[in-house]
Structure formats: structure tokens, C-alpha cells
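Numbered according to my numbering, the sequence shown spans residues 1 to 479. For each residue, glycine too, the CB sits at the ideal point set by N, CA and C. Note that the structure is predicted; figures quoted are calculated from it, not measured. The block underneath contains the structure these notes are about, expressed in C-alpha cells.
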Amino acid sequence: MKIELCGHDKRYLVETLALLFFPAAGFSREVEDGLSARSTYEDGVACATVEAQGVACSATERSLPGEEASGAIARSFYRAGQALTGITPPWGTLTGIRPAKKVAQLLHRGLTPGQAAERLLQECYTQPEKTALCVEVLAGERAALDRLNPAQVSLYISIPFCPTRCSYCSFVSYTVEREGAFIPAYLEALEQELRQTLSQLSALGIGVQTAYMGGGTPTTLTAAQLRSLFGTLAGQLHVPSLLEFTVEAGRPDTIDADKLQAIREAGANRISVNTQTTDDATLARVGRAHTAEQFFAAYALARSAGIGQINVDLIAGLPEEPVEVFARSMREVAALQPENLTVHALSLKRAARLQYADMDRSRKGSGDIVEMLQTAGRQAAQGGWRPYYLYRQRNTLGNLENVGYAKPGTECLYNTYIMGEYQSIVAVGAGGVSKVVGLPGGKIERVFHNKHVRDYIKDDEKRQRNIKTLFSLLKNRYT
1 MKIELCGHDK RYLVETLALL FFPAAGFSRE VEDGLSARST YEDGVACATV
51 EAQGVACSAT ERSLPGEEAS GAIARSFYRA GQALTGITPP WGTLTGIRPA
101 KKVAQLLHRG LTPGQAAERL LQECYTQPEK TALCVEVLAG ERAALDRLNP
151 AQVSLYISIP FCPTRCSYCS FVSYTVEREG AFIPAYLEAL EQELRQTLSQ
201 LSALGIGVQT AYMGGGTPTT LTAAQLRSLF GTLAGQLHVP SLLEFTVEAG
251 RPDTIDADKL QAIREAGANR ISVNTQTTDD ATLARVGRAH TAEQFFAAYA
301 LARSAGIGQI NVDLIAGLPE EPVEVFARSM REVAALQPEN LTVHALSLKR
351 AARLQYADMD RSRKGSGDIV EMLQTAGRQA AQGGWRPYYL YRQRNTLGNL
401 ENVGYAKPGT ECLYNTYIMG EYQSIVAVGA GGVSKVVGLP GGKIERVFHN
451 KHVRDYIKDD EKRQRNIKTL FSLLKNRYT
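In C-alpha cells, the structure reads:
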């Protein structure tokens, strides 16, 4: 898609909005895919024209009193894209990954939930049911926030290996077949970093409130490797003092009794067993090397292991999976009564987005995934789960959301604290991103590790620089 701007420089905003209507779009200086757009702003008036295959629609919006130019620019493009494609993204022009923050700001200013919904409908074309969802999430997170200790941090441990790579996956992860030989060296580097990090936290008197081992699929490791890693953790940290310790078991085909025993003995009190769907045809289609039967068996094994809380992930919008099949998966998982349910809207990789290049297909895909998320919300409410955290990813079909549901009192503390940016996170391992919140002026600073396993292993110098940078920030924040 060729995008022309006049009178403003909000290119990223316009490109982000374009992806709401054209998920397959790439951006260039020439009209290569039959798509083009023009966005102008002058004297408080924004005008947008969007064209696809020779058909064009335009819209004009005036800035509201006291509003920045980006508001009118976004609304004009949204209306032009909506008129051309027939797609109505329910979040409107809200494109950030944490939309509940916007609602929280309005409520803190004294607006009622109804007034906040009216404001967002007027300013951003956000549909009232999405504002209502944010209000529910803000209510659902209160129990977790009551336990928040802002003087402590959360710990993330990255295990970026998986048994196979799912076709839809957009995370940086490595299959055992291709990169498994690097696991011993990776664990050696990781455990060294973990020891250094926890030792320096202790020296500064900074406690760890929650820990989360994710990936990837941590249970790709053997039981012996897990025990070694847990031993390193316990050698530097009093694990029983953690309010929460989650291990993302993830793939059912990696779970066995010995690994679950290791996880339980390590003091973990929360685990994820993720099937994404209970339809065998879909599982095969997306490259998940397990069946629904294996998921149910792994779930039963995890429950019998005595781990207090279990989360199950589902994905809405998996390739060629109809609404009724997703609804069946939701019913079957809900029947297990996990403490937590997390429903993700499919985030499309570039290759996957190509299937939505046709406008009719894009329109149907957006409509189906909206219906799936509505179905999930209804079934969760009927089963006694309530939403407690919400976020969005770039390139999600329809700009839709991921929602965590929990039985009251079982909300994941780590998810709440990190997604809401209520607490600093100290991340170790490849792809880890540490985040220090609450710095002077409300600043948030991030420290990025190498994404790729081989780079992480060999670049000890960068690991040491990162540790030095991180603890300089933490010292400034907490001492």
C-alpha cells in the first residue's frame, strides 16, 4: 500500500489503522497491491481517502476542542476504511496494546463507566461493549492489586524452546529438532545469569513477589534439566516466599508425571496446559504435535499432581476453524473447570496475513473472530470466570484482544502486574525484556536481551552490560 501524507507526519498511526482493514498490506512508495491512501490535515480538519482496486472512499473529520491532530486523522482514516471495506473494528481507532489504561484514565478523572463509553465512542469510535469489557477487567484486577508490593519486582525466566513450531506462531522460539543441541549451553548461561541477578537483587534488598517461567515451552526440557534450573533458583531465592510461581508447561505432548513432580517440588503453584483448540483437525493443520486426547490426559495429570492453579489457553481465529468448532472447544475446556482461561485472538504473521488479501475474506475473518470472542465471553461468564487482564498484539485480525479470565480469587498476579505496568519485571534468558517502572517523571525503562539463543549464549559481554544497566536503573528506582 502506498500512503501519502500532507500536513502531518503520523505515518505509523495511519499504517497501523490501514492494517485494521487490509491485514495483508505491505507499505511502499509505489502502488504495488492495488492499495493506496492519502491522509491530510489542515486548520483542524483531517481528510482521508482509501483506494483498493480502483474503488475509493473518503471521509473528513474535524478536531474536537483541545484534541491533538492525531484524533481527527485517525477518525477520518477509520471512516474511509470502514466505508470501503464494510469492516467495523470494534475498538475503533484505539490501537495500543493496553486499552484498559485509557478507560482507567477516564474513570480516574471522575467519569462514570457510561460517560467513558460515550467519550470513547465519540473520540475513537470504540464500541460501548469494549469499554464495558475494560471496566470489567479493571474491576477484576482489583483483588490482585490489593496484594501488590510496589517495592518488589517480578521475575521472568525465558525457555525459548518448543518441540515443534506452530504455523501461526509469531514468538521467537526454537524447535528441539533444529536447536536442541544448544539447550545444555543455553541452560549454563541462563543459570549463571540467574545467579548473578538474584544475588544482586538480594544485595539491594529488593524482594521478588512473583516468578514466571515461560517461552517457548519450558517443559521441552527434561525433568533433570528442570530440576537443575529449579535448584539454581532455590539456591538464590526463598521460593516459598513467592506469592505466585507459574510454569508455562504449554504443549501437552511435553508433560509427564516426572516433570510435574519436579515442578511441584520446586514450589510452583500455577501451571499452564495449553491446547489452543480441542479439534484434532485444526491441531494437525497448525502443526501442533498432539491430539485433544493428549491434552485432556495432560490436564488430568497436572490436576492429580496437586498444583493449585491451572490455566488453559485457547485461540480464536485459527486457520479454517469455524465459529461452532471454537465454541465446542470453549465448552469442553470450561467443563474441566480450570481456575484460569485465556482466550487469544490470532495474531497473524506476514505469511498468514496473505490469506486475507481479498476484502471479502478479510471481512468474513474479522466477523468470525468477533463472534468467537463474544462466545468466549458469554461462556466464561456463565461458568463463573470473570475477565481480569486484557492486551492486544500487533497484526491481530480485526485489532481484537486477548483476555484472561479467572475464577474470583485466582487471578494471575504476574499477568496483572506486568500487563498493567504496575510492577517492575526482571527478565533472564534469550528474548527477555526487563522493565523498570516508576522512575522519576513516571518513566519506564527497558533492557533487551539478545533474542536468538546462539547470540545469547556466546555474547556474555552483552549479558554483563545488560545486568549492569538493569541494576543501575533498579538502584535509582528502589534505593
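Using a Cβ-Cβ cutoff of less than 8 Å, which residues in the same chain neighbour residue i once the five nearest sequence positions on both sides are dropped?
{"i": "threonine 175", "result": "Phe161, Cys162, Pro163, Thr164 and Arg165"}
{"i": "isoleucine 467", "result": "Glu193, Gln196, Thr197 and Gln200"}
{"i": "leucine 226", "result": "Pro218, Thr219, Lys259, Ala262, Ile263 and Ala266"}
{"i": "valine 325", "result": "Thr277, Asp279 and Thr282"}
{"i": "leucine 106", "result": "Gln115, Ala116, Arg119 and Leu120"}
{"i": "phenylalanine 471", "result": "Gln200 and Leu204"}
{"i": "alanine 132", "result": "Pro113 and Ala117"}
Going by Cα to Cα distance, which pick from the options is closest to residue i?
{"i": "alanine 56", "options": "Leu260, Thr375 and Leu35", "result": "Leu35"}
{"i": "aspartate 460", "options": "Leu190, Arg98 and Lys102", "result": "Leu190"}
{"i": "tyrosine 417", "options": "Glu244, Ser70 and Lys10", "result": "Glu244"}
{"i": "aspartate 33", "options": "Gly44, Ser39, His290 and Glu51", "result": "Glu51"}
{"i": "glycine 250", "options": "Glu411, Leu348 and Arg270", "result": "Arg270"}
{"i": "valine 247", "options": "Asp256, Tyr212, Leu107 and Asp280", "result": "Tyr212"}
{"i": "alanine 302", "options": "Leu346, Glu320 and Thr254", "result": "Thr254"}
{"i": "alanine 37", "options": "Phe27, Lys407 and Asp43", "result": "Phe27"}
{"i": "tyrosine 41", "options": "Phe77, Ala305 and Val370", "result": "Phe77"}
{"i": "glutamine 309", "options": "Pro408, Ser39 and Pro65", "result": "Pro408"}
{"i": "serine 228", "options": "Arg98, Ile263, Thr210 and Pro252", "result": "Ile263"}
{"i": "alanine 18", "options": "Glu179, Ala69, Gln53 and Gly81", "result": "Gly81"}
{"i": "glycine 216", "options": "Tyr478, Leu318 and Gly431", "result": "Gly431"}
{"i": "proline 128", "options": "Leu145, Ala117 and Leu138", "result": "Ala117"}
{"i": "valine 370", "options": "Ile73, Glu67 and Ile87", "result": "Ile87"}
{"i": "glycine 287", "options": "Ala305, Ala300, Arg142 and Leu318", "result": "Leu318"}
{"i": "phenylalanine 230", "options": "Glu67, Val403, Cys47 and Ile157", "result": "Ile157"}
With DSSP run on the structure shown, which of helix, strand or coil describes residue i?
{"i": "valine 447", "result": "strand"}
{"i": "asparagine 340", "result": "strand"}
{"i": "aspartate 256", "result": "coil"}
{"i": "phenylalanine 245", "result": "strand"}
{"i": "methionine 1", "result": "coil"}
{"i": "glutamate 129", "result": "helix"}
{"i": "tyrosine 417", "result": "helix"}
{"i": "tyrosine 422", "result": "coil"}
{"i": "isoleucine 263", "result": "helix"}
{"i": "glutamate 188", "result": "helix"}
{"i": "phenylalanine 230", "result": "helix"}
{"i": "lysine 102", "result": "helix"}
{"i": "threonine 396", "result": "strand"}
{"i": "cysteine 412", "result": "coil"}
{"i": "alanine 151", "result": "coil"}
{"i": "threonine 526", "result": "Look at the range of the chain in this structure, 1 to 479, and you will see that residue 526 is not part of it."}
{"i": "leucine 439", "result": "strand"}
{"i": "threonine 282", "result": "helix"}
{"i": "asparagine 476", "result": "helix"}
{"i": "glycine 519", "result": "The structure shown does not extend to residue 519, since the chain spans only 1 to 479, so no value can be given for it."}
{"i": "threonine 175", "result": "strand"}
{"i": "proline 113", "result": "helix"}
{"i": "asparagine 269", "result": "coil"}
{"i": "glycine 205", "result": "coil"}
{"i": "alanine 345", "result": "strand"}
{"i": "threonine 210", "result": "strand"}
{"i": "alanine 427", "result": "strand"}
{"i": "leucine 120", "result": "helix"}
I'd like the list of long-range same chain contacts for residue i, defined as Cβ closer than 6 Å, with 5 residues on each side in sequence excluded.
{"i": "arginine 79", "result": "Ala59"}
{"i": "leucine 376", "result": "Position check: residue 376 holds alanine in this sequence, whereas leucine was assumed. The answer, listed in chain order, is Met330 and Val343."}
{"i": "leucine 473", "result": "Val436 and Glu445"}
{"i": "leucine 20", "result": "Pro89 and Asn399"}
{"i": "isoleucine 97", "result": "Tyr391 and Arg392"}
{"i": "lysine 458", "result": "none"}
{"i": "valine 239", "result": "Gly267"}
{"i": "phenylalanine 448", "result": "Val433"}
{"i": "glutamate 321", "result": "Thr282"}
{"i": "serine 63", "result": "Gly44 and Ala72"}
Quick one: what's got a C-beta closer than 7 Å to residue i's C-beta in the same chain, skipping five residues either side?
{"i": "arginine 353", "result": "Residue placement at arginine 353 cannot be trusted, given a pLDDT of 47 that sits under 50; the coordinates are not used to answer."}
{"i": "arginine 147", "result": "Leu243 and Leu413"}
{"i": "alanine 83", "result": "Cys57 and Ala59"}
{"i": "aspartate 358", "result": "Note that aspartate 358 scores 48 on pLDDT, short of 50, meaning its location in the model is unreliable; the coordinates nonetheless yield the value given after this. Contacts found: none."}
{"i": "serine 199", "result": "Gln236"}
{"i": "threonine 479", "result": "Leu204"}
{"i": "alanine 74", "result": "Leu13, Leu17 and Thr93"}
{"i": "alanine 224", "result": "none"}
State yes or no: is the C-beta of residue i nearer than 7 Å to some heavy atom of the ligand NAP?
{"i": "leucine 5", "result": "Absent from the structure shown: the ligand NAP. Ligands present: none."}
* Asked: Does the segment 151-159 come close enough to the segment 206-221 to have 3 or more Cβ pairs within less than 8 Å?
  -> Contact between the segment 151-159 and the segment 206-221 is present, because at least three Cβ pairs lie under 8 Å.
* Would you be able to state if there are at least three C-beta pairs under 8 Å between the segment 328-348 and the segment 301-320? => yes
* Mind the definition here: the segment 288-300 touches the segment 230-239 only if three or more C-beta pairs lie below 8 Å; say whether that holds. => With contact defined as three or more Cβ pairs closer than 8 Å, the segment 288-300 and the segment 230-239 are not in contact.
* What are the start and end residues of each continuous alpha helix (DSSP H) run of 4 or more residues lying completely inside the segment 20-106, in chain order? -> 69-85
* Do the segment 181-189 and the segment 123-134 make contact, defined as three or more Cβ pairs closer than 8 Å? -> no
* What are the start and end residues of each continuous alpha helix (DSSP H) run of 4 or more residues lying completely inside the segment 286-321, in chain order? -> The segment 286-321 contains these whole alpha helix (DSSP H) runs: 292-304.
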